[in-house]
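Colleague:
Protein chains in written order, with the working numbering: chain A, 202 to 601; chain B, 202 to 601; chain C, 2 to 207; chain D, 50 to 307.
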């Protein structure tokens, strides 16, 4: 299969500087979640800027859908429409004096008619959960909100590839989680998402494919568990292994835990240690239930009834639309990040929980719970919450 | 004992905004390492800006060494000389056209004679490991180097309290480690260090005292293990627990591990799990040695001999001066962060290691190893490497 | 130095709009052409305008009022020509009026002429003359900045004297206005000249 | 650092009133003030505009009072000159030993000017404190003001706030390192601040070009926004007010107080 984006031995040097890229070849598969990981100055941003033609390689070639990039004005515009680029600092990306005008910038310049522009702005703002912010000036927004405006501005152009340069840099944990969830939503909606980061924890949890870079070269490519287990490799990229993986490797080295695929979350880790101690994950009298609610399909009444009856002990929401929905229905959220794992953990100790989410993420939740059941031998399943047919048709369809 | 810095029910409101501080009382003990932790917008920076008189509380009082702050020009100058403030973004702090001129800005404004200014600049740049950078233009430096120039600019004024606003934000892991080590060095040299951060992992590892803030109020104060074990507390500050602590609490909840002081590092965690599995930390045939070398006192020859003889399997350096020294003596470093714990881990599996460090950190290493020995019941000790008396008297004395 | 809202009576405020108009119209025409040819000119002009505004909103040492910084737009004049600088001056002055309450709407024409056209033009001419004569760069920059400031202040005095000749006639009134504003404007011009020279030195060092 | 009036325009109680109407009221008030031959109408305008700002828009009174002081130094100096150079009518005050005197005509003119400035500035504050600039851009667009001018103004607007924030931080960091303490250091510090800001400006400009290119910039900015509904009663009240002050301005034209 031809990869969606491919660089072939690309080199680049900034004027009077050392080589920024010294022969880089990477392949980005369509629909993948790729993280380019490396320290500052490794050439990550330079590489990303090449992918939508903002920089032109000195030698080597870049291919999009198998065809080499052309650098005439028209081809570049077309490329940039398809490969959306979200800058690290939203302040340099937000151009216009209001949120609305900024999100409209791309569609307007693409020559869309006013009605289509307005629709695109409305959809994009809805997708990032900033409806109602249309008239605000960007300088009155928080860091996380600015980031989401920047993302909406790119989404409004409906690109098929999204490139994020250090998406969570300077954001606090809550805002970071929101942005990473947005990235998950985008990827589960079929888009190709590419991220550059020096945050190993983030890349470990989020990506399905890692490109490790240092000093303008690719050190390694592969799945996160593999790349991040290699201490030597990480050390030569001046990075630290993720804390959980580090602990796992240390336990492994001392023969405390059995050698296997390293755990990626607290949930998996807990299970592994229990299994190591008792020979297997301990049988529990009864597991709790996990209710799953699609915010686009479920009526607010069904949701509130469930919560008010005391059927669930914990409520989590994934994605901005789901959180909006919960807010509207005045359902208090216990979990807003790492929701699936937390709910599985609770189910294991016999407590019921509810996950609210939307669109492609619903399927993602089912898959994750199914995988865990198969792995652990426990029967866990997501119970859908009464989906009132035909309830509130959504306009966000454009982005799913 | 009177705390060095104290705020008493301080309130502040920015013009045309909601309350930024709604009655904040904190106590900063002399010589402590305090982290103010909270999400963006919690009021951390506002609080810090009060401590050196940049903002004046609307009500409430701030005391330095027991005396309420005065806001006349002279008192403010004196206060700002004693309470140094390092901004989050070094780009707004380093504004002179050369590194040297920038570090000299404070001492010149203090009215020091030219010779004293030159000496202060020389010492401060040496302390942060940037000697040789004097004539460079700051905007050509890397992010980590800029940060160190900013710190040198404050150190050159010889403050007794150092306040850092988000010290590692936007830095990559290697630069973050360098900055955090610098902070450790400063604290071990007797200075009071205060940090604001939303990075829970950092605060958990580094601080000895935590102030948790949200929406202009203090939610909790106390030692890191206590504050960060309280999920509810963290959730209300929109933060996540540190990964290791989260895993520990989950294991604890399932009764897998015994309830005790939570482990702070991979080292402690490994021990605890081993103890849980075997009833005690397993006895090992023979532990490795940990050599300890004071870069200010040891001659380069002694060091090289040790390394070349193959007496040590791993070498780690702590602090910028130590790393400089290792570089000068062409000793390759295996560890540049979390050095003590890594060397103890190696000693436990029978391998020898060498720690290079300087000044007050030497004592810190001894203490840490001693504590571990006492706790684990194993005999580990730091073996000093031949300290050639009278070797290279240092000028950095001013900062110790 | 801004003439505030309501101060200039008819027909003088209209007259100064008419005097400034040709510069603005030509400037807009040139700007349109420039942007069509070089799209990146627009963002660069915009940040230059923001820079001039922010500089003017900062307090100068020892002075409470803000200064006009015609030299800022003078810089725009050197880069893009005096007419485009006038457009930039117009935008900055509108923002100064509605953000900082410096100047006004009816007095915009007069203020654009003194600060957006006359001042920058003088800065531009002196800078050109100085570089052609091979004079010391810092001295040239200092002179250009200080004299641009002084020009602005002289033009403002002329504008006021024309509107309010009183019973002493234009020259008497001009002398009176010029004399009283000299108290603040002359030292201000010298300080601004020094500062702009420092800025220049700073930039050259990089 | 100055208070930017714009910040109040976002939160005031007249936020939802049609911006075109507010602009119309403000500009008409200014024109009446400037063209009024007597001081009564401008003073009434000042009172009406202040009342609108304080009572209807709920702008804090202390802040508003400080705003009125901004033009004071210019007004005092220039009106003083006019007071002394305008002759005619009875001599009211003579400065002993100097050929300076205040006459009735001079006093009347000074009073008229003071009233006009007062009326004009209050009307300007009314616009500035109640109407966000971003909404004025939309009105300008509908008035067919050249696009390139509006685009330039919009980009400038956005960067004013970015640079002000940075200038404030640089200034603060200098004060923390004891800059601006004596006159000489002040000039030095200010020069450094301006220089650093210039560099930052330059970098921002380059980043902006890149960001615009990345989003397919083709010379267009913004979308035609939706207009706020204009309430008929508000329009009627506005017309009534303007008619009234205009009538007063005409009928009190010849009135002199001294």
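All C-beta atoms in this analysis are idealised placements derived from N, C-alpha and C, irrespective of residue type, glycine included.
#1: Indicate the three-state DSSP secondary structure (helix, strand or coil) for residue 453(B) in the structure shown.
#2: In the DSSP assignment, what are the bridge partners of residue 269(A)?
#3: Buried or exposed: where does residue 515(A) fall if 16 or more other Cβ atoms within 10 Å of its Cβ makes it buried?
#4: Go ahead and label residue 354(B) buried or exposed: buried means 16 or more other beta carbons lie within 10 angstroms of its beta carbon, across all protein chains shown.
#5: Could you pull the DSSP bridge partners for residue 494(B) from this structure?
#6: Report buried or exposed for residue 38(C), applying the criterion of at least 16 other Cβ atoms within 10 angstroms of its Cβ.
#7: Taking the beta strand (DSSP E) that residue 422(A) belongs to, which residues open and close that run?
#8: Find out if the Cβ-Cβ distance for the pair residue 379(A), residue 345(A) is shorter than 8 Å.
#9: Report the rounded CA-to-CA distance for residue 153(C) versus residue 159(D), giving the unit in angstroms.
#10: For residue 208(B), write down the residues that DSSP places opposite it in a beta bridge.
#11: What residues in the stretch 486 to 502 of chain A have a beta carbon less than 7 Å from any beta carbon of chain D?
#12: Between residue 163(D) and residue 96(D), what straight-line distance do the alpha-carbon atoms span, to the nearest angstrom?
#13: Flag this pair as yes or no: are the beta carbons of residue 309(A) and residue 335(A) separated by less than 8 Å?
#14: If you measure beta-carbon to beta-carbon, which residues of the stretch 205 to 230 of chain D are closer than 8 Å to chain B?
#15: Identify whether residue 515(B) lies in helix, strand or coil by the three-state DSSP scheme.
#16: Answer with buried or exposed for residue 254(B), where buried requires no fewer than 16 other C-beta atoms within 10 angstroms of its C-beta.
#17: CB-CB under 7 Å to residue 339(A), same chain, minus the five flanking residues each way: which ones, in chain order?
#18: Going along chain D, which residues have a C-beta under 7 Å from residue 299(A)?
#19: Note the first and the last residue of the continuous beta strand (DSSP E) segment covering residue 252(B).
#20: Taking Cβ positions, are residue 235(A) and residue 410(A) nearer each other than 8 Å?
#21: So for residue 96(C), helix, strand or coil by DSSP?
#22: Would you verify that the beta carbon of residue 214(B) is, or is not, closer than 8 Å to some beta carbon of chain D?
#23: Could you check what DSSP says for residue 382(A) in three-state terms: helix, strand or coil?
#24: Closer than 8 Å by beta-carbon distance: list the chain B residues that pair up with residue 1(C), in chain order.
#25: Determine, for residue 65(D), whether the minimum Cβ-Cβ distance to residues of chain B falls below 8 Å.
#26: What residue range does the alpha helix (DSSP H) around residue 192(C) cover?
#27: According to a CB-to-CB cut-off of less than 9 Å, which residues of the stretch 234 to 256 of chain A neighbour chain E?
#28: Return no unless some Cβ of chain D is closer than 8 Å to the Cβ of residue 311(B).
#29: Per DSSP, residue 410(B) forms a beta bridge with which residues?
#30: Residue 269(D) touches chain A at which residues, Cβ-Cβ below 7 Å?
#31: What residues of chain B sit near residue 261(D), judged by a beta carbon separation below 7 Å?
#32: Please return the same chain residues whose Cβ sits closer than 7 Å to the Cβ of residue 367(B), not counting the five positions on each side in sequence.
#33: Please state the DSSP three-state secondary structure of residue 24(C).
#34: Going along chain B in order, which residues have a C-beta closer than 7 Å to the C-beta of residue 478(A)?
#35: Please report the Cβ distance between residue 184(D) and residue 68(D), rounded to the nearest whole angstrom; I am assuming they are in contact, meaning their Cβ atoms lie under 8 Å.
#36: Give a yes or no on whether 8 Å exceeds the smallest Cβ distance from residue 256(D) to chain A.
Modeller: According to the structure data:
#1: It is helical.
#2: 264(A)
#3: buried
#4: Buried, by the Cβ-count rule.
#5: 557(B)
#6: exposed
#7: 418 to 423
#8: Contact flag set, yes.
#9: 24 Å
#10: 227(B) and 263(B)
#11: none
#12: 14 Å
#13: One thing to note: residue 309(A) has its Cβ no nearer than 8 Å to the Cβ of residue 335(A).
#14: Among the residues of the stretch 205 to 230 of chain D, those with a Cβ less than 8 Å away from any Cβ of chain B are 215, 218, 219, 221, 222, 223, 224, 225, 226, 227, 228 and 230, in the order of the chain.
#15: strand
#16: buried
#17: 295, 300, 303, 347 and 350
#18: 183
#19: That residue, residue 252(B), is in no beta strand (DSSP E); its alpha helix (DSSP H) goes 245 to 252.
#20: yes
#21: helix
#22: no
#23: Three-state DSSP puts residue 382(A) in a helix.
#24: The structure shown does not extend to residue 1(C), since chain C spans only 2 to 207, so no value can be given for it.
#25: no
#26: Following the DSSP letters along the chain, one finds residue 192(C) inside the alpha helix (DSSP H) bounded by residues 170 to 206.
#27: You won't find chain E in this structure, because its protein chains are A, B, C and D.
#28: yes
#29: 235(B)
#30: By Cβ distance, chain A contributes 309 and 310.
#31: Ordered by position in chain B, no residue passes the 7 Å Cβ test against residue 261(D), which lies about 22 Å from the chain.
#32: 289, 397 and 398
#33: Helix.
#34: 457 and 478
#35: 4 Å
#36: yes
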